[in-house]
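Report on the structure given below.
In our numbering, the protein residues as written are 275 to 388.
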């Protein structure tokens with residue numbers, strides 16, 4: 275069974291940075307395309323960044339140029355570097371397979387103050 279453990283969230287002022295981490299256990303990590311999702315207050319969860327096994331990346335328009343997704347297959351970890359944070363980036367952040375095939379973890383809360 276795949277387990278997802280996200281960390282690295284917190285409270286930050288607008289313009290600041292955070293780096294999120296997600297350790298994924300119970301799968302052959304290196305073969306899967308992975309994604310970071312965000313659920314803002316009162317909104318549906320959305321895919322904001324994904325990375326293939328070959329490290330090809332894609333981003334939602336709302337985060338393009340500010341966020342960077344990366345992966346370390348040796349550590350079974352996927353990262354999300356978030357720069358130039360905005361109040362609208364506030365939400366709970368989750369990692370999962372790009373197609374959201376696995377049960378969700380607890381997520382990590384990011385709050386950006388103006």
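By construction, the Cβ of each residue, glycine as well, lies at the ideal position given by its N, Cα and C atoms.
Bear in mind the structure is a predicted one, so any value in this text is a computation, not a measurement.
### Message
Between the alpha carbons of residue 378 and residue 388, how many angstroms are there, rounded?
### Response
About 29 angstroms.
### DSSP three-state assignment for residue 363, whether helix, strand or coil
Three-state DSSP puts residue 363 in a helix.
### Task
With a 10 Å radius around its C-beta and 16 neighbouring C-beta atoms as the bar for buried, classify residue 335 as buried or exposed.
Burial call: exposed.
### Query
Is residue 346 buried or exposed, if buried means 16 or more other CB atoms sit within 10 Å of its CB?
A residue is called buried once 16 or more other Cβ atoms fall within 10 Å of its Cβ, and residue 346, having fewer, is exposed.
### Query
So does the segment 323-332 actually touch the segment 280-300, counting three or more Cβ pairs closer than 8 angstroms?
With a cut-off of 8 angstroms, the segment 280-300 and the segment 323-332 do not count as touching, because too few Cβ pairs lie within range.
### Query
DSSP three-state call for residue 332: helix, strand or coil?
Residue 332 falls in the strand class under three-state DSSP.
### Task
Rank 298, 321, 373 by C-alpha distance to the C-alpha of residue 406 and give the top, closest one.
Because the chain in this structure spans residues 275 to 388, residue 406 falls outside the shown range and cannot be described.
### Query
Between the Cα of residue 367 and the Cα atoms of 307, 292, 304, 305, which residue gives the shortest distance?
Closest by alpha carbon: 292.
### Query
Which one of 310, 342, 299 has the shortest CA to CA distance from residue 358?
The residue with the shortest Cα to Cα distance from residue 358 is 342.
### Selection from 382, 375, 309, 298 that minimises the alpha carbon distance to residue 349
Nearest to residue 349 by alpha-carbon distance, out of 382, 375, 309, 298, is 298.
### Query
Exposed or buried, which one is residue 309 when buried takes at least 16 other CB atoms within 10 Å?
Per the 10 Å Cβ criterion, buried.
### Task
Give the C-beta separation of residue 294 and residue 382 to the nearest angstrom, bearing in mind that I take them to be a contact with Cβ-Cβ under 8 angstroms.
About 6 angstroms separates the beta carbon of residue 294 from that of residue 382, a gap short enough to meet the 8 angstroms contact definition.
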